[in-house]
Amino acid sequence: MPDLTSMIEEKWYRKAIAGFKEVWGPAVKSAASLDAFCEGISAVTGIPAGTVRSSLPAKNWAAFQADADKYLAIAVAKIEAAHKANKWSSHYKRAFGG
Numbered sequence: 001m002p003d004l005t006s007m008i009e010e011k012w013y014r015k016a017i018a019g020f021k022e023v024w025g026p027a028v029k030s031a032a033s034l035d036a037f038c039e040g041i042s043a044v045t046g047i048p049a050g051t052v053r054s055s056l057p058a059k060n061w062a063a064f065q066a067d068a069d070k071y072l073a074i075a076v077a078k079i080e081a082a083h084k085a086n087k088w089s090s091h092y093k094r095a096f097g098g
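The sequence shown begins at 1 in UniProt numbering and counts up by one.
In structure tokens, the structure reads:
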């Protein structure tokens, strides 16, 4: 049986993915600027804004923003892969005392 911290992390992940899917398109399309997008992604994921800014979507901002829904599946797949690889687990557990 998984420990309580792992169960809480899994619940947080499921809620985060559901919320991400719901707000992705409107958030990207309404971002006032590339900087606003990078700062928002950084705030949610903990990835430095500079790293987000150097990503392919940021480099092609106008096309990305115009067709944000096209990239939703790619973004979700990357988040799911990071979660399955426990990429953020140590950060989560450190933050929440696990």
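Ideal placement from N, C-alpha and C gives every residue a C-beta, glycine not left out. Computed from a predicted model, the values in this text were never measured in an experiment.
Check, Outcome
"Integer-rounded CB distance, given that F20 should sit under 8 Å from V76", "7 Å"
"Contacts around A73, its chain only, beta-carbon distance under 7 Å, and the 5 residues preceding and following it disregarded", "none"
"L4 versus E10: straight-line alpha-carbon distance, rounded", "10 Å"
"Residue from A58, A18, A16 whose Cα sits closest to the Cα of K29", "A58"
"Contacting residues, own chain, Cβ-Cβ under 6 Å from W24 (five flanking each side not counted)", "L72"
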